[in-house]
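Residue numbers (my numbering): 8 to 266.
Here's the structure we're looking at; comments come further down.
Dropping the structure here:
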């Protein structure tokens, strides 16, 4: 049984940090739902499990085609980034997803989320995009690492169902999306076009920014249209996940994506 001091566990613990994930091109998936979803994509390379978790997840473990290492409870705690560890953690390979490959598939709906620093928002946005049938999520600028543990949990496994691309150069990513034939719509609080009057029948890339600062002027001005979501009451703005849910639902309806 491996302890928290074993070399294999120590190597996996380094994946809690962004720099460790970037160097290894691997990440940690914790809990049965994420492990099962990652396994379905063929991304799981090894699994660490406590005795209790092994009993509870025996059927899942039986389906895995990778090394399964029994670990102590203390090792499981070191491998976890949650308050209550599940006792089941997998080391997974990152999916190699490039923007040009996504665009080659002629997607009709894409999300470009720029400077999203809160992992919970990023994960929820990925989940929403998956539910609305989007072709990809592009995390632009200095956005959170999508393989951050909190982001993974907030996505509830959708990160394994929809391509997620990181694009440090957000303007270049938007330009590439437009060159692929998608109209670019930017969400802003002062947009000249109301969402309920926008033409959403064409393939669309929604560009969204953080609630606190909104989109940079360079990106908002580069859009084909700046779109605002009509609101009443005292709220001045919506967080990025809420705005994405509203805009993507409208687009999915107009494009006939939803069954």
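Glycine is no exception: its CB is placed at the ideal position from the N, C-alpha and C atoms.
Boundaries of the alpha helix (DSSP H) in which residue i is found, first to last residue
i, result
"residue 181", "177-186"
"residue 26", "25-31"
"residue 107", "106-111"
"residue 255", "247-262"
"residue 163", "Neither: residue 163 is in no alpha helix (DSSP H) and is coded neither H nor E."
"residue 240", "Run containing residue 240: none; DSSP gives neither H nor E here."
Per DSSP, cross-strand counterpart(s) of residue i
i, result
"residue 173", "146"
"residue 77", "56"
"residue 191", "212"
"residue 99", "34, 51"
"residue 232", "192"
"residue 200", "234"
"residue 9", "78"
Buried versus exposed call for residue i [16 or more other C-beta atoms within 10 Å across all chains shown]
i, result
"residue 150", "buried"
"residue 192", "buried"
"residue 108", "exposed"
"residue 4", "With the chain running from 8 to 266 in the structure shown, residue 4 is simply not present."
"residue 142", "buried"
"residue 59", "exposed"
"residue 260", "exposed"
Where the beta strand (DSSP E) through residue i begins and ends
i, result
"residue 117", "116-121"
Beta-carbon separation (whole angstroms), residue i vs residue j, contact threshold 8 Å
i, j, result
"residue 153", "residue 133", "7 Å"
"residue 258", "residue 211", "5 Å"
"residue 209", "residue 232", "The pair is not a contact, with the Cβ atoms about 11 Å apart (cut-off 8 Å)."
"residue 77", "residue 56", "6 Å"
Are three or more beta carbon pairs between the segment 11-26 and the segment 82-96 nearer than 8 Å? yes
Do the segment 241-256 and the segment 208-223 touch if we need at least three Cβ pairs shorter than 8 Å? yes
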